[in-house]
Amino acid sequence: MTATILICIAIAVIVILGVRSYMKRVSSGCCGSGGGGTVKKIRVPDKDKSHYPYRKVLWIDGMVCGNCAANVENALNSLDGVWAKVNLTEKKAEVLMKKPFDDEILKLSVKDSGYTVFRIDES
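Here is the structure:
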């Protein structure tokens, strides 16, 4: 009888934690951005594509909303000499660069924002 009660209590705690997590996501957006607002994008000062001779496409896992895409874009655009545009539907980022960047630097930038690069295409 005691074991049954303990199991029921454990299940109740798991359900309560699950409901709280769900409610937090519903009220603050899927990224936990707080308040349901949008993430402010980092603006790239130089938008002349001819200044960016290097290009890579990063395929990214874990993005589910516009705030996720903005977080990834901001992480990449914060790198000096990088202009990134994220396509949420295709789960990819087109990264234009003024100088060559090692794949690991780009992956780490995305990873630090909470997402995973699973493939990089050079072009």
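Just so it is clear: in the sequence shown, position 48 is 48 by the numbering used here, and no numbers are missing.
C-beta: ideal position from N, C-alpha, C; glycine also.
>> Using C-beta distances below 7 Å, list every residue in its chain close to Asp46, excluding the 5 sequence neighbours before and after it, in chain order.
In response: For Asp46, there are no CB contacts under 7 Å within the same chain when 5 residues up- and downstream are skipped.
>> Quick check: the Cα distance between Lys49 and Ala75, rounded to an integer number of angstroms?
In response: Distance between the alpha carbons of Lys49 and Ala75: 19 Å.
> From which residue to which residue does the beta strand (DSSP E) around Lys111 run?
Replying inline: Per DSSP, Lys111 belongs to no beta strand (DSSP E); it is in the alpha helix (DSSP H), Asp103 to Asp112.
> Do you know offhand how far Asp112's Cα is from Ser21's?
Replying inline: A direct Cα-Cα distance of roughly 22 Å separates Asp112 from Ser21.
> Since Val72 is in the beta strand (DSSP E), which residue starts that stretch and which ends it?
Replying inline: Under the DSSP assignment, Val72 falls outside any beta strand (DSSP E), being part of the alpha helix (DSSP H) whose first and last residues are Gly66 to Asn77.
> Which partner residues of Thr116 appear in the DSSP bridge assignment?
Replying inline: Asp61.
> Is the CB of Asp61 under 8 Å away from at least one CB in chain C?
Replying inline: In summary, chain C is missing from the structure at hand, where a single protein chain is found.
>> Can you tell me whether Lys99 is helix, strand or coil according to DSSP?
In response: If DSSP states are grouped into helix, strand and coil, Lys99 belongs with coil.
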